[in-house]
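Okay, structure first, notes after.
Number of protein chains: 2
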Amino acid sequence: MENTGGVRSATARAHSNIALAKYWGKRDAALNIPAVSSISVTLDGLSTDTTVRFDESLGTDEFRLDGRLVPADHAQSRRVVAVLELIRERAGLASRASVTSANNFPTGAGLASSASGFAALVVAASAAAGLDLSARELSILARRGSASAARSLFGGFVELHAGIADDGSDSFAEQLLDGEAWPLEVVVAITDSAVKAVSSTAGMQSTSATSPFYPAWIESSEDTVREMREAVLARDFRAVGELTEHSCLALHSLMLTTRPALIYWNAATVATIHAVRALRADGVPVYFTIDAGPQVKALCRPEDSQAVGDALAAVRGVRHAIRTGLGRAASLDVPPTDSFHSAPTAGTS
Amino acid sequence: MENTGGVRSATARAHSNIALAKYWGKRDAALNIPAVSSISVTLDGLSTDTTVRFDESLGTDEFRLDGRLVPADHAQSRRVVAVLELIRERAGLASRASVTSANNFPTGAGLASSASGFAALVVAASAAAGLDLSARELSILARRGSASAARSLFGGFVELHAGIADDGSDSFAEQLLDGEAWPLEVVVAITDSAVKAVSSTAGMQSTSATSPFYPAWIESSEDTVREMREAVLARDFRAVGELTEHSCLALHSLMLTTRPALIYWNAATVATIHAVRALRADGVPVYFTIDAGPQVKALCRPEDSQAVGDALAAVRGVRHAIRTGLGRAASLDVPPTDSFHSAPTAGTS
Numbered sequence: 001m002e003n004t005g006g007v008r009s010a011t012a013r014a015h016s017n018i019a020l021a022k023y024w025g026k027r028d029a030a031l032n033i034p035a036v037s038s039i040s041v042t043l044d045g046l047s048t049d050t051t052v053r054f055d056e057s058l059g060t061d062e063f064r065l066d067g068r069l070v071p072a073d074h075a076q077s078r079r080v081v082a083v084l085e086l087i088r089e090r091a092g093l094a095s096r097a098s099v100t101s102a103n104n105f106p107t108g109a110g111l112a113s114s115a116s117g118f119a120a121l122v123v124a125a126s127a128a129a130g131l132d133l134s135a136r137e138l139s140i141l142a143r144r145g146s147a148s149a150a151r152s153l154f155g156g157f158v159e160l161h162a163g164i165a166d167d168g169s170d171s172f173a174e175q176l177l178d179g180e181a182w183p184l185e186v187v188v189a190i191t192d193s194a195v196k197a198v199s200s201t202a203g204m205q206s207t208s209a210t211s212p213f214y215p216a217w218i219e220s221s222e223d224t225v226r227e228m229r230e231a232v233l234a235r236d237f238r239a240v241g242e243l244t245e246h247s248c249l250a251l252h253s254l255m256l257t258t259r260p261a262l263i264y265w266n267a268a269t270v271a272t273i274h275a276v277r278a279l280r281a282d283g284v285p286v287y288f289t290i291d292a293g294p295q296v297k298a299l300c301r302p303e304d305s306q307a308v309g310d311a312l313a314a315v316r317g318v319r320h321a322i323r324t325g326l327g328r329a330a331s332l333d334v335p336p337t338d339s340f341h342s343a344p345t346a347g348t349s
Numbered sequence: 350m351e352n353t354g355g356v357r358s359a360t361a362r363a364h365s366n367i368a369l370a371k372y373w374g375k376r377d378a379a380l381n382i383p384a385v386s387s388i389s390v391t392l393d394g395l396s397t398d399t400t401v402r403f404d405e406s407l408g409t410d411e412f413r414l415d416g417r418l419v420p421a422d423h424a425q426s427r428r429v430v431a432v433l434e435l436i437r438e439r440a441g442l443a444s445r446a447s448v449t450s451a452n453n454f455p456t457g458a459g460l461a462s463s464a465s466g467f468a469a470l471v472v473a474a475s476a477a478a479g480l481d482l483s484a485r486e487l488s489i490l491a492r493r494g495s496a497s498a499a500r501s502l503f504g505g506f507v508e509l510h511a512g513i514a515d516d517g518s519d520s521f522a523e524q525l526l527d528g529e530a531w532p533l534e535v536v537v538a539i540t541d542s543a544v545k546a547v548s549s550t551a552g553m554q555s556t557s558a559t560s561p562f563y564p565a566w567i568e569s570s571e572d573t574v575r576e577m578r579e580a581v582l583a584r585d586f587r588a589v590g591e592l593t594e595h596s597c598l599a600l601h602s603l604m605l606t607t608r609p610a611l612i613y614w615n616a617a618t619v620a621t622i623h624a625v626r627a628l629r630a631d632g633v634p635v636y637f638t639i640d641a642g643p644q645v646k647a648l649c650r651p652e653d654s655q656a657v658g659d660a661l662a663a664v665r666g667v668r669h670a671i672r673t674g675l676g677r678a679a680s681l682d683v684p685p686t687d688s689f690h691s692a693p694t695a696g697t698s
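Protein chains in written order, with my numbering: chain U, 1 to 349; chain L, 350 to 698.
This is how it looks when you write it as structure tokens:
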């Protein structure tokens with residue numbers, strides 16, 4: 001942290017996460033409270049580094065992502081500014097800020113760049129603003145930027161509660177299990193690094209308004225999350241895996257029945273699903289999940305991750321496969337490289 | 350028809366059909382009554398020819414499909430025998446029968462071979478048995494073999510009513526619109542001709558027992574069918590097309606959320622979906638539908654079918670594309686070739 005003259009700055013790193021029990025839809029759009037609870041694993045290999053610099057000489061907030069200035073009227077910038085406002089209000093701070101953020105993976109392509117991004121933002125911004133907030137408070141702030149970001153405050157296995165309070169004060173994330181207590185691995189098969197055509201926020205609004213299955217999704221998600229929590233705490237890999245695939249397919253069913261339909265899968269996505277099922281038929285315990293994008297994430301045991309990575313990298317249409325262990329909590333500790341626990345696999349340059 | 354000595358035989362042809370408003374699930378498994386109504390188009394290019402020969406000298410029913418004797422304990426044979434029993438009972442006939450059936454397209458691969466097959470069976474068997482049944486009565490008999498077969502009794506646009514009667518007497522099909530009154534065309538993109546791993550009958554049982562979205566599907570299908578009926582009668586192609594895609598995606602959502610999941614799509618299925626959407630973005634009005642298999646059927650206007658056929662035949666993984674107009678009712682009239690209205694497209698040998 002730097003605090004000289006009218007400038008106060010801090011840098012934080014947060015890791016992306018993937019939900020094993022998914023959420024889709026909001027119970028409060030203004031406060032960004034999810035309609036259902038969710039459970040995720042934090043990924044060591046995919047991270048965002050963000051520097052926030054409150055500077056009295058700035059006339060406006062500025063957001064730079066992956067080296068480019070994002071225009072102030074862009075939705076991404078507006079969400080960043082909204083979170084900065086919450087932090088300024090809390091800190092009694094008036095300065096505008098420059099925010100500089102960099103992902104070590106493709107942005108906006110279903111790899112939860114908003115999760116790691118907003119988690120890094122709140123950790124850096126609150127530190128720069130001189131706030132000393134608990135992890136729970138930070139997760140509530142991160143949720144305002146992106147619900148999945150609340151989960152990236154924590155490492156390992158994490159639950160985000162939908163809560164019931166109108167003000168969202170009970171919609172926060174907390175760790176279920178440390179990653180070192182159950183060191184699973186994830187292989188991310190990148191099939192397309194283009195930015196998705198429909199953002200998750202817009203997609204959720206459309207789904208809740210049009211999918212005939214949305215009420216049943218809300219209702220059934222409670223059971224899914226409870227079963228997933230029990231399976232994680234019991235470290236029952238088969239149960240976690242089967243629930244993960246079911247939750248993924250239920251999410252995509254919601255998207256497919258949205259009008260107009262949200263079809264995030266491409267040919268390689270489906271080929272990778274079948275490759276995961278074929279591995280399992282051959283006796284390798286591995287399970288897929290897919291978010292609002294075409295990439296496939298495969299959950300497996302460390303002893304199988306090389307074989308899984310090789311198999312998925314060989315699927316037609318898969319550009320490369322990233323192997324990663326489970327990641328740590330978001331933190332102001334930003335080592336120069338991020339090679340802890342993750343390793344490239346065949347097909348990775 | 351032949352009727353000499355102890356032998357009575359007849360041959361019929363029926364065409365396959367594809368549902369634009371899908372059904373999935375049964376409200377009565379024993380009577381094979383569908384849980385929801387459905388609306389289909391009959392396809393001229395995909396047909397089954399079936400000869401039924403009641404022969405007093407036979408000790409048992411025999412079923413030959415595409416040149417091979419199907420073992421008596423096979424599910425297909427049991428369903429054929431069950432329908433023969435209904436006809437024998439009605440006709441007061443004791444003779445066993447030989448049934449010889451041939452499809453001009455791949456069997457059991459999501460191309461509704463059971464629809465054309467059971468429709469041809471009841472028309473041939475009832476004629477051979479000397480019964481003079483109405484089209485409605487024939488459709489009820491065909492439904493006992495395969496619900497979608499009830500629709501193949503008729504040409505053009507057809508509705509199968511789920512009905513409400515316990516005995517299934519009001520679960521019959523009827524024509525909504527003659528094919529010549531609205532001559533749409535269908536391009537069938539064959540991505541895989543292998544027999545599917547899970548039959549529709551087994552899949553439906555599993556879905557109704559396990560998908561969290563099944564009750565909402567039942568509830569929403571009534572609206573879909575009503576809207577589809579109105580759109581067909583109004584010949585509103587855009588409305589028919591959008592409802593067709595929505596019904597297809599809702600069906601596949603049910604399958605995806607079945608436990609274990611029913612994933613009928615392959616890479617080429619999804620590539621073909623995107624090709625249809627790309628054609629539409631380019632101004633060609635064309636809409637996809639997919640049944641319990643990996644093939645994609647594209648509904649289009651006659652003036653676009655050559656371009657649609659060429660585009661889909663060029664999709665990676667599509668083996669060939671069959672273009673067809675709308676077919677006629679099932680009938681005892683079996684001309685030597687079946688080239689009426691259908692034509693091969695690029696990629697077809």
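Backbone N, C-alpha and C fix where the C-beta goes; we use that ideal spot for every residue, glycine too. If you're wondering where the values come from, they're calculated on a predicted model, not measured in any experiment.
Going by DSSP, phenylalanine 467 (chain L) is part of the alpha helix (DSSP H) stretching over 462-477.
Under DSSP, the beta-bridge partners assigned to proline 34 (chain U) are U:Lys26. For aspartate 28 (chain U), the closest alpha carbon among the candidates U:Ser146, U:Ala112, U:Ser116 is that of U:Ser146. The C-beta distance from isoleucine 39 (chain U) to alanine 19 (chain U) rounds to 7 Å, short enough to meet the 8 Å contact threshold.
Between the region 293-304 of chain U and the region 180-191 of chain U, the count of Cβ pairs shorter than 8 Å is three or higher; the stretches touch. By the criterion of at least three beta-carbon pairs nearer than 8 Å, the region 250-257 of chain U is in contact with the region 206-214 of chain U. Per the C-alpha coordinates, the member of U:Thr207, U:Tyr264, U:Ile290, U:Ala268 positioned closest to cysteine 248 (chain U) is U:Ile290.
When rounded, the separation of the alpha-carbon atoms in threonine 11 (chain U) and threonine 51 (chain U) is 4 Å.
At a cut-off of 8 Å, the C-beta of isoleucine 18 (chain U) has no neighbouring C-beta in chain L. Threonine 50 (chain U) is outside the set of residues whose beta carbon lies under 8 Å from a beta carbon in chain L. One thing to note: glycine 179 (chain U) has its Cβ no nearer than 8 Å to the Cβ of glycine 203 (chain U). When DSSP states are grouped into helix, strand and coil, aspartate 223 (chain U) belongs to the helix group. Annotation: Cβ neighbours of serine 220 (chain U) in chain L (cutoff 7 Å, chain order): Pro561. Counted as a single uninterrupted DSSP element, the beta strand (DSSP E) harbouring arginine 362 (chain L) occupies residues 356-370.
For alanine 271 (chain U), the neighbours in chain L by C-beta distance under 7 Å run, in chain order, Ala616. Here the region 115-124 of chain U lies against the region 98-106 of chain U, with 3 or more beta-carbon pairs under 8 Å apart.
In terms of CA proximity to leucine 312 (chain U), U:Arg277 leads the group U:Glu89, U:Ser114, U:Arg277, U:Met228. Any Cβ of chain U closer than 8 Å to the Cβ of serine 602 (chain L) would place that residue at the interface, and such an atom is present.
When rounded, the separation of the alpha-carbon atoms in serine 465 (chain L) and histidine 669 (chain L) is 21 Å. Of all residues in the region 232-264 of chain U, only Glu245, His246, Leu249, Ala250, His252, Ser253, Leu256, Thr257, Arg259, Ala261, Ile263 come within less than 7 Å of chain L when Cβ atoms are compared, listed by chain position.
For isoleucine 190 (chain U), the pairing in a beta bridge is given by DSSP as U:His320. For the pair of segments examined, the region 166-181 of chain U was found to touch the region 128-144 of chain U: the number of CB pairs separated by less than 8 Å reaches three. Annotated three-state conformation of glutamine 175 (chain U) is strand, per DSSP. Inter-residue distance for glycine 168 (chain U) and alanine 514 (chain L) is about 50 Å (C-alpha atoms, whole angstroms). Around the Cβ of alanine 72 (chain U), a 10 Å sphere holds fewer than 16 other Cβ atoms; the residue is exposed. If you check the CB distance, alanine 679 (chain L) and alanine 363 (chain L) come in under 8 Å. Taking valine 225 (chain U) as the centre and dropping the five residues before and after it, the same chain places the C-beta of Ala21, Val36, Ser37, Ser38, Ile39, Glu159 closer than 8 Å to its C-beta, in chain order. For glycine 676 (chain L) and leucine 592 (chain L), the gap between their C-alpha atoms comes out near 21 Å.
Here leucine 84 (chain U) carries a helix assignment [DSSP, helix/strand/coil].
Taken in chain order, the whole beta strand (DSSP E) runs of length 3 or more contained in the region 408-452 of chain L are 411-414, 417-419, 445-452. Cβ proximity to chain L below 9 Å picks out His274, Arg277 from the region 274-303 of chain U. In this structure, DSSP gives arginine 277 (chain U) a helical state, which the three-state scheme calls helix. Proximity of chain L to alanine 216 (chain U) at the Cβ level (cut-off 8 Å) is accounted for by Pro561, Phe562, Pro564, Ala565, in chain order. Residue range 586-605 is occupied by the alpha helix (DSSP H) that includes phenylalanine 586 (chain L). Remark: C-beta atoms of alanine 468 (chain L) and alanine 443 (chain L) do not approach each other more closely than 8 Å.
In this chain, the beta strand (DSSP E) harbouring valine 296 (chain U) covers 296-300.
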